[in-house]
Amino acid sequence: MSHSASGGARRLLIMRHGEAAPGVVDHARPLTPRGEQEVGVMARWLAMRTEQGELECPVVYASPFVRAQQTARLISDALGCPLQTLPLITPDDRPSIVSDWLLQLPDDGPVMLVSHMPMVGELTGLLVDGSTNRGVGFPTAAIAELEADVWAAGCAQLKHFTQPSQLL
Numbered sequence: 006m007s008h009s010a011s012g013g014a015r016r017l018l019i020m021r022h023g024e025a026a027p028g029v030v031d032h033a034r035p036l037t038p039r040g041e042q043e044v045g046v047m048a049r050w051l052a053m054r055t056e057q058g059e060l061e062c063p064v065v066y067a068s069p070f071v072r073a074q075q076t077a078r079l080i081s082d083a084l085g086c087p088l089q090t091l092p093l094i095t096p097d098d099r100p101s102i103v104s105d106w107l108l109q110l111p112d113d114g115p116v117m118l119v120s121h122m123p124m125v126g127e128l129t130g131l132l133v134d135g136s137t138n139r140g141v142g143f144p145t146a147a148i149a150e151l152e153a154d155v156w157a158a159g160c161a162q163l164k165h166f167t168q169p170s171q172l173l
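Each residue of the sequence shown is one higher than the one before, starting from 6 at the first, in my numbering.
In structure tokens form, the structure reads like this:
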């Protein structure tokens, strides 16, 4: 098994999609121009970090919902990273299922999940605190960076939490 540059710990980036337009059909809501701008700021920041060798190019997994797909495409295009759709990270899915999925992944570099509230907050809470009750509040396009030796409840450390407003 290969290990990441951080000395054995694995890295997970959890991102909330950019600002989305209101709509009746939730899964079809697209990003707004502001949402595209927010994601663009984050994509350029991540690209700079990969160029500097601070961050390995992650495999990007996106919820099938339109706004998450649009967000993930902007990120994967900026980084030149592979993008896959992951049906189990929609707003209504359970974080424990995602945690179980993460446990099955090979240890071959960082992973990025592009999803929604409450999933992003509850999953971060589960992995860091061992509980979804103390979920983390995620502004749109925010990214939590976690490190862990194993993706189990309460086993991860929150290394960074970055939102677009911090980079402007």
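Every residue, glycine too, gets a C-beta built ideally from N, C-alpha and C.
Original post:
Just checking my contact of residue 52 with residue 17 at CB under 8 Å: how many whole Å lie between their CB atoms?
Top reply: Wrong, their Cβ atoms sit about 19 Å apart, outside the cutoff.
Original post:
Of the residues 104, 38, 71, which one's Cα is nearest the Cα of residue 19?
Top reply: 104
**OP:** Measure the C-alpha to C-alpha separation of residue 77 and residue 21 and round it to an integer number of angstroms.
**Re:** 10 Å
**OP:** Could you tell me whether the Cβ atoms of residue 71 and residue 14 are closer together than 8 Å?
**Re:** no
Original post:
Which residues in the same chain have their Cβ closer than 7 Å to the Cβ of residue 1, if we skip the five residues on either side of it in sequence?
Top reply: Because the chain here runs from 6 to 173, residue 1 falls outside it and cannot be looked at.
Original post:
Mapping DSSP to helix, strand and coil, what is residue 25?
Top reply: strand
Original post:
When we look at the beta-carbon of residue 94 and count the other beta-carbons within 10 Å, is it buried (16 or more) or exposed?
Top reply: buried
Original post:
Count the other CB atoms within 10 Å of the CB of residue 58; is the residue buried (16 or more) or exposed (fewer)?
Top reply: exposed
Original post:
Under the rule that 16 or more other beta-carbon atoms within 10 Å means buried, what is residue 87, buried or exposed?
Top reply: exposed
Subject >> Nearest residue (CA-CA) to residue 138, options 130, 25, 64 >> reply: 130
Original post:
Nearest to residue 147 by CA position, among 135, 120, 159, is which residue?
Top reply: 120
Subject >> Inter-residue spacing [alpha-carbon to alpha-carbon] between residue 160 and residue 62 >> reply: 23 Å
Original post:
How is residue 32 classed by DSSP in three states: helix, strand or coil?
Top reply: helix
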